[in-house]
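Under this note's numbering, think of the first position of the sequence shown as 20, with each following residue one higher. The beta-carbon is built from N, C-alpha and C at its ideal position, and this holds for glycine as well.
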Amino acid sequence: MDKIVDRLRQADARPLCVADLVQASGMSERTLRSWFRRCFGVAPHRYLHIRRMHLIRIALSMSGAGQDTVAAVAKRFGYADAGRMASAYLDLFGEYPQQTLERRLGE
């Protein structure tokens, strides 16, 4: 578990895939999937997706309007299609990324 957590911390904005976690942990993919379901209640792929969305939300909240664009943040976190990222963001957070960007952190 410590190896997986370390790998997640090292990744920052770089998108991770399940194979990265398999390599870091030394577990088989099947064991890793079982471990994630037991510990987090979701498959590793879903966990990585949610994690990346939360990192994007933090980046948007800290940036503020006029300093960055949604497309630039999406690209920084590995999304070539900002529209697809915005759709996933809306599904998870109930608001568009632009709304987060325009609101100040903590408001």
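Q42: first and last residue of the uninterrupted alpha helix (DSSP H) it sits in: 37-44
Considering Cα atoms alone, identify which of L67, C58, V92, R28 is closest to A38. L67
With the cut-off set at 7 Å, would you say P127 and L51 are in Cβ contact? In this structure the chain extends from 20 to 126, so residue 127 is not present and cannot be described.
Give me, in chain order, the residues of the same chain whose beta-carbon lies closer than 7 Å to that of A105; leave out the 5 immediate sequence neighbours on both sides. V89, Y115, P116
Quick one: what does DSSP say D87 is sitting in, helix, strand or coil? strand
What does a CB cutoff of less than 8 Å around A6 pick up in its chain, not counting 5 residues either side in sequence? Because the chain spans 20 through 126 in this model, residue 6 falls outside it and cannot be assessed.
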